[in-house]
Amino acid sequence: MINRNFGCAMKRIGVSCLVMFTSLWVAPSVSAASYGEQLGQCLSAQTTVQDKTLMAQWAFVLMGQHPALAGYSKATPSQLQRLNQQVVQLVMDLTVKRCSEQTMRAIQHEGRQGLEQGFQVMGSDALQTLGQAPAMQKQLAALQQQINVGQLMQQLLMQAR
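With mature numbering (1 follows the signal peptide of the UniProt record, and there is no 0) applied, the sequence shown corresponds to residues -32 to -1, 1 to 129, in that order.
Set out below in structure tokens:
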């Protein structure tokens, strides 16, 4: 049963990895950490900046395959294939070696959801780490300067009436 669940969960890992890079936050738990959260904590602790960068590169290139985003990514099919292979190796290393106990507990107790939640936690951590790059901070600050907070608040207050 565990092997079948693990196999099904691994088929969903691509979706989970993409979700982890699009998730900007994970809802805090009111009670003790779930098995998926424990897995996510292990994955976060066991990934290097290089690992997080690889996952971000893969997610960026993967999202660039969507027609609405294709003009923003110049990745070739061979680059995507290379990134896919590297991410498969990383995911296998993380789930089978670095965090094997947490992976098995998450799958045993929470199934695919536990595995997906673990990668979402890791993704959130990876985004926070990579988001600290000075170039990204500069662009976010430029965006914030362009937002008219007074007008935003006025519009929100008018809608609340």
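Positions of the beta carbon are idealized from the N, C-alpha and C atoms, including for glycine.
Inspect the CB distances between the segment 47 to 58 and the segment 22 to 31 and report whether three or more fall short of 8 Å.
-> Flag = yes, the segment 47 to 58 and the segment 22 to 31 touch.
What is the rounded straight-line gap between the Cα of residue 136 and the Cα of S2?
-> It is not possible to answer for residue 136, since the shown part of the chain is limited to -32 through 129.
Do you know how far the Cα of L120 is from the Cα of Q127?
-> In the sequence shown, the residue the question calls residue 127 occupies position 159. In the sequence shown, the residue the question calls residue 120 occupies position 152. In a straight line, the C-alpha of Q127 is about 11 Å away from that of L120.
Please state if the CB of C67 and the CB of L30 are separated by a distance shorter than 8 Å.
-> To locate residue 30, count along the sequence shown from 1; it is residue 62. To locate residue 67, count along the sequence shown from 1; it is residue 99. No, the Cβ-Cβ distance between L30 and C67 is not below 8 Å.
Exposed unless 16 or more other CB atoms sit within 10 angstroms - verdict on L108 | Residue mapping note: residue 108 aligns to position 140 of the sequence shown, counting from 1. By the 10 Å Cβ count, L108 comes out exposed.
Give the straight-line distance between the Cα atoms of I115 and A103, rounded to the nearest whole angstrom.
-> Translated into the one-based positions of the sequence shown, residue 115 becomes position 147. Translated into the one-based positions of the sequence shown, residue 103 becomes position 135. Distance between the alpha carbons of I115 and A103: 19 Å.
Does DSSP put H77 in a helix, in a strand, or in coil?
-> As a working note, residue 77 is residue 109 in the sequence shown. In the structure shown, the three-state DSSP call for H77 is helix.
Do V89 and L11 have their C-beta atoms closer together than 8 Å?
-> Position 121 of the sequence shown, counted from the start, is the residue given in the question as residue 89. Position 43 of the sequence shown, counted from the start, is the residue given in the question as residue 11. Taking 8 Å as the Cβ cut-off, V89 and L11 qualify as a contacting pair.
Short Cβ contact (8 Å threshold) for I75 with L62 = Mapped onto the sequence shown, residue 75 falls at position 107. Mapped onto the sequence shown, residue 62 falls at position 94. No, these two residues do not count as a Cβ contact at 8 Å.
Counting only the same chain and skipping the five closest in sequence on each side, list residues whose C-beta sits under 6 Å from that of L97.
-> Residue 97 sits at position 129 when you count from the first residue of the sequence shown. One point to set straight first is that residue 97 is Thr, not Leu, in the sequence displayed. Within the same chain, T97 has close Cβ partners K20.
If you draw a straight line from the alpha carbon of K106 to that of M72, how long is it in whole angstroms?
-> Numbered from 1 along the sequence shown, position 138 holds the residue referred to as residue 106. Numbered from 1 along the sequence shown, position 104 holds the residue referred to as residue 72. Spanning the two alpha carbons is a distance of roughly 41 Å.
Does DSSP classify T97 as helix, strand or coil?
-> In the sequence shown, residue 97 corresponds to position 129, counting from 1. Of the three classes helix, strand and coil, the one that applies to T97 here is helix, per DSSP.
Between the beta-carbon of T15 and the beta-carbon of A101, is there less than 8 Å?
-> Your numbering for residue 15 matches position 47 in the sequence shown. Your numbering for residue 101 matches position 133 in the sequence shown. It is not a contact, given that the beta carbons lie outside the stated cut-off.
Is L(-9) buried or exposed, if buried means 16 or more other CB atoms sit within 10 Å of its CB?
-> On the sequence shown, residue -9 is found 24 positions in, with the first residue counted as 1. For L(-9), the pLDDT reaches just 37, beneath the cut-off of 50, and the residue's location in the model is therefore unreliable, although a value from the coordinates is still provided. Result: exposed.
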